[in-house]
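Engineer: Residue numbers (UniProt numbering): 1 to 329. Here it is, the structure, as structure tokens.
What follows is the structure, encoded as structure tokens:
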């Protein structure tokens with residue numbers, strides 16, 4: 001099982017893993033052969049090598065991936081259920097498509113931020129340049145003035161990575177719960193954060209049920225996929241409610257953070273027709289499209305806003321120096 005020192009592999013590596021496994025499963029290769037042909041980035045090779053050793057000793061691929069840290073806990077749950085049902089091919093394909101799309105979106109955001117980042121660096125060096133030319137700044141003072149903001153930005157980014165890593169592996173502490181509550185209260189982004197967590201829950205619940213896991217076993221496993229502990233605590237009420245005799249639709253209608261309320265209608269239809277996994281998948285697909293549209297909008301507008309802010313700041317800094325002021329009469 002993964003530990004804090006074994007953080008989940010990157011989206012790129014996980015996309016490669018499941019794309020390869022889906023192709024090998026479709027081709028009819030046995031698991032040991034499929035994993036022996038799998039080639040990953042150096043950072044993931046030790047985990048893959050350990051998984052292969054465990055499989056050679058007779059451990060099934062899901063347990064081997066769990067013990068080696070090759071798979072996340074949710075991936076392990078899905079694969080256990082899929083192997084028990086007969087074939088992991090649908091799970092491999094679903095995970096491969098999911099990670100490939102997330103990776104594509106992540107790369108799009110990063111690429112669109114390259115120009116604003118370059119403009120910021122240029123602004124830091126150009127803005128004090130007139131004072132250097134006029135003799136108001138020494139060369140050392142100029143470099144210090146240019147580099148100090150970059151150092152601060154680097155430290156803030158490092159702090160962000162540490163907080164993100166801590167949040168991924170921390171328990172339900174008071175600080176973590178306060179942070180998760182704060183995320184839910186953010187304007188616009190809080191709503192999308194809720195919808196993303198709700199989508200993850202219902203998507204994973206649908207996949208677990210489709211893979212053959214009973215409802216009472218699937219609910220807690222799907223809850224574990226929810227990253228926000230405030231929302232997770234709300235979803236953990238579903239199992240007791242159903243054990244008391246409620247349907248899933250009734251249980252979901254009674255929680256606070258179900259996301260888009262039309263999910264209750266999807267669940268009612270699925271329970272009445274015996275097609276609950278399909279209805280959950282349909283709902284999750286619609287939510288994914290809405291979330292992806294929002295992320296695309298952010299990816300489109302954030303670089304423009306950053307670029308405009310840097311350009312205005314750079315122009316203001318240059319024009320406000322005495323170099324461009326007319327000499328006093």
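The C-beta atom is built at its ideal place from N, Cα and C for all residues, glycine as well. Computed from a predicted model, the values in this text were never measured in an experiment.
For the alpha helix (DSSP H) holding residue 246, just list the boundary residues, first then last.
Structural biologist: Unbroken run through residue 246: none, as it is neither H nor E.
Engineer: Near residue 309, what residues of its chain come up, given a Cβ to Cβ distance below 7 Å and the 5 sequence neighbours on each side ignored?
Structural biologist: none
Engineer: Out of curiosity, what's the CA-to-CA distance linking residue 81 and residue 171?
Structural biologist: Approximately 26 Å, taken between the alpha carbons.
Engineer: Which full runs of the alpha helix (DSSP H) of 4+ residues lie inside the UniProt domain "Type II secretion system protein GspF" (19-126), going along the chain?
Structural biologist: Fully enclosed alpha helix (DSSP H) runs of 4 or longer: 31-36, 45-56, 61-68, 73-85, 89-112 and 114-126.
Engineer: At a cut of 8 Å, does the region 228-244 reach the region 114-127 through at least three beta carbon pairs?
Structural biologist: no
Engineer: Using a Cβ-Cβ cutoff of less than 7 Å, which residues in the same chain neighbour residue 21 once the five nearest sequence positions on both sides are dropped?
Structural biologist: 34 and 92
Engineer: For residue 208, verify whether its CB is less than 7 Å away from any heavy atom of the ligand PLP.
Structural biologist: Here there are no bound small molecules, and the ligand PLP is not part of this structure.
Engineer: For the alpha helix (DSSP H) holding residue 217, just list the boundary residues, first then last.
Structural biologist: 215-223
Engineer: Alpha carbon to alpha carbon, how far is residue 180 from residue 256? Give it in angstroms, no decimals.
Structural biologist: 15 Å
Engineer: Does DSSP put residue 204 in a helix, a strand or coil?
Structural biologist: helix
Engineer: So residue 18 packs on residue 95, CB below 8 Å; how close in whole Å?
Structural biologist: 4 Å
Engineer: Suppose you measure from the CA of residue 118 to the CA of residue 25; what does that come to, to the nearest Å?
Structural biologist: 44 Å
Engineer: When the Cα atoms are used, what is the spatial distance from residue 16 to residue 199?
Structural biologist: Approximately 23 Å between the Cα atoms of the pair.
Engineer: In angstroms, rounded to a whole number, what distance separates the CA positions of residue 202 and residue 144?
Structural biologist: 52 Å
Engineer: Can you tell me which of the three DSSP states residue 7 falls into?
Structural biologist: coil
Engineer: For a test of the three-state rule: what should DSSP assign to residue 130, helix, strand or coil?
Structural biologist: helix
Engineer: Could you name the residues of the same chain whose beta carbon sits closer than 6 Å to that of residue 281, not counting the 5 residues immediately before and after it, in chain order?
Structural biologist: 206
Engineer: Alpha carbon to alpha carbon, what distance is there between residue 221 and residue 229?
Structural biologist: 14 Å
Engineer: Can you give the Cα-Cα distance for residue 103 and residue 208, rounded to whole angstroms?
Structural biologist: 23 Å
Engineer: Taking 6 Å as the limit between beta carbons, can you name the residues of its chain near residue 5, skipping five residues before and five after?
Structural biologist: Confidence in residue 5 is poor, its pLDDT being 49 and thus under 50, which makes the residue's placement too unreliable to answer from.
Engineer: Return the CA-CA distance between residue 226 and residue 139, expressed in angstroms with no decimal places.
Structural biologist: 52 Å
Engineer: Between residue 248 and the rest of its own chain, which residues show a CB-CB distance below 8 Å, the 5 nearest in sequence each way excluded?
Structural biologist: 215, 238, 242, 267, 271 and 276
Engineer: Taking only three categories from DSSP, how would you classify residue 138?
Structural biologist: Coil.
Engineer: Apart from the five residues just before and just after residue 210, which ones in its own chain have a Cβ nearer than 6 Å to its Cβ?
Structural biologist: Within the same chain, residue 210 has close Cβ partners 277.
Engineer: Between the alpha carbons of residue 44 and residue 53, how many angstroms are there, rounded?
Structural biologist: In this structure, the alpha-carbon of residue 44 lies about 15 Å from that of residue 53.
Engineer: Roughly how many angstroms lie between the CA atoms of residue 47 and residue 85, to the nearest whole one?
Structural biologist: 26 Å
Engineer: Would a C-beta distance cut-off of 8 Å place residue 76 and residue 65 closer than the cut-off?
Structural biologist: yes
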